[in-house]
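Written below as structure tokens is the structure these notes are about.
In my numbering, the protein residues as written are 215 to 322.
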């Protein structure tokens with residue numbers, strides 16, 4: 215299996231948003247804060263799995279791990295919504311991530 219790119223996720227999210235354009239909030243900078251709040255809710259669901267079942271079980275139990283990964287996918291879906299709301303491109307994210315990485319590599 216090849217790597218799963220930000221551009222692939224953004225394209226998939228656009229298709230999903232297009233399918234539900236009459237039911238879901240439109241993508242815009244004003245909607246960004248709502249998407250961030252929904253993303254935080256999904257992060258809470260990830261945390262709940264680990265908190266309720268423990269780190270090792272969340273990693274190793276097949277069914278629980280499936281739930282954990284599914285919730286992580288929900289987080290990424292909202293993350294991509296936020297990127298779309300603010301018009302952040304994969305290239306911009308890569309540049310910022312790389313710069314932050316390089317800064318962190320020289321901190322200590």
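Even for Gly, the Cβ is constructed at its ideal location relative to N, Cα and C. Predicted model only: the values in this text are computed from it and were never measured.
Looking only at its chain, what residues have a beta carbon closer than 6 angstroms to the beta carbon of residue i, apart from the 5 residues adjacent to it on each side?
i: residue 295; result: 249
i: residue 266; result: none
Since residue i and residue j should fall inside the 8 angstroms C-beta cutoff, what is the C-beta to C-beta distance between them, to a whole number of angstroms?
i: residue 286; j: residue 264; result: Not really, about 11 angstroms apart at Cβ, beyond 8 angstroms.
i: residue 239; j: residue 292; result: Actually they are not in contact, since the Cβ atoms of residue 239 and residue 292 sit about 12 angstroms apart, beyond 8 angstroms.
Residue i to residue j, Cα distance in whole Å?
i: residue 299; j: residue 282; result: 26 angstroms
i: residue 309; j: residue 262; result: 32 angstroms
i: residue 312; j: residue 268; result: 32 angstroms
i: residue 237; j: residue 253; result: 19 angstroms
i: residue 225; j: residue 246; result: 18 angstroms
i: residue 304; j: residue 314; result: 15 angstroms
i: residue 234; j: residue 322; result: 47 angstroms
i: residue 279; j: residue 218; result: 19 angstroms
Return the chain-ordered list of same chain residues with a C-beta closer than 7 angstroms to the C-beta of residue i, the five sequence neighbours on each side being excluded.
i: residue 290; result: 223
i: residue 243; result: 299 and 300
Less than 8 angstroms between C-beta atoms, sequence neighbours within five positions excluded: which residues of the same chain meet that for residue i?
i: residue 307; result: 220 and 297
i: residue 231; result: 238, 241, 295 and 298
- Message: Just to confirm the assignment: which complete alpha helix (DSSP H) runs, minimum length 4, are found wholly within the segment 248-291?
- Response: 269-274
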